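A.B. asks: In the numbering used here, the protein residues as written are 216 to 390.
Don't be surprised by glycine CBs; every beta carbon is placed ideally from N, CA and C.
Just so it is clear, the structure is predicted and the values come from calculations on it, not from any experiment.
The following block contains the structure, expressed as structure tokens.
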């Protein structure tokens, strides 16, 4: 098998087209899937160097951005695309590591508030800085023209918005 991603996709498309399969979407789905895999592997590698996962960084970022909003576990789990069980485990670990604090909401007994501890803010800032400095995706992305960056952001944004609306929350993964 050829090692070049575009050629791999072309070979797969030709194979399935010969079987009568509609392959018009193959390039988009194949490249999006593979770029997603490579991106997560790269980001997790960077975050692991700081004792975090990219999922931890995502949670810490949501907590920072929504600092004044009491969060119900179910809503936060949907925002992060994880199960309630995975969320509870992650929150407990980050709380034990002194990165976040959790308190019951004063307004809603089903909700709680999460706040970023100083150590959490420091860890989040370090992760964002490390991603900015080290992410292979960003090195490639920065080589694109401004127009290509704008097109990519628009297209991926449209796909993301549509998929987010269509995605059934109970089927979301635990990544």
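1. Verify whether the separation of the beta carbon atoms of residue 334 and residue 267 is less than 8 Å.
2. According to the Cβ coordinates, are residue 291 and residue 273 closer than 8 Å?
3. Out of 371, 338, 380 and 355, which has the shortest C-alpha to C-alpha gap to residue 271?
4. Give the DSSP bridge partners of residue 328, in chain order.
5. So is residue 371 buried or exposed if we call it buried at 16+ other beta carbons inside 10 Å?
6. Given that a residue counts as buried once 16 or more other Cβ atoms are within 10 Å of its Cβ, and exposed if not, what is residue 308?
7. Under the assumption that residue 329 contacts residue 265 (Cβ atoms under 8 Å), give the Cβ distance between them as a whole number of angstroms.
8. Whole angstroms are fine: how far does the CA of residue 235 sit from the CA of residue 306?
9. For residue 269, collect the residues of the same chain with a Cβ closer than 7 Å to its Cβ; drop the 5 residues on either side in sequence, then sort them by chain order.
C.D. replies: From the atom records:
1. For residue 334 and residue 267, no; Cβs fall outside 8 Å.
2. No, the Cβ-Cβ distance between residue 291 and residue 273 is not below 8 Å.
3. Of the residues 371, 338, 380 and 355, the one whose Cα lies closest to the Cα of residue 271 is 338.
4. Beta-bridge pairing links residue 328 to 318.
5. Burial call: exposed.
6. Flag for residue 308 reads exposed.
7. Rounded, the Cβ-Cβ distance is 20 Å, inconsistent with contact.
8. Their Cα atoms are separated by approximately 48 Å.
9. Excluding positions up to five away in sequence, the list reads 255, 258, 259 and 262.
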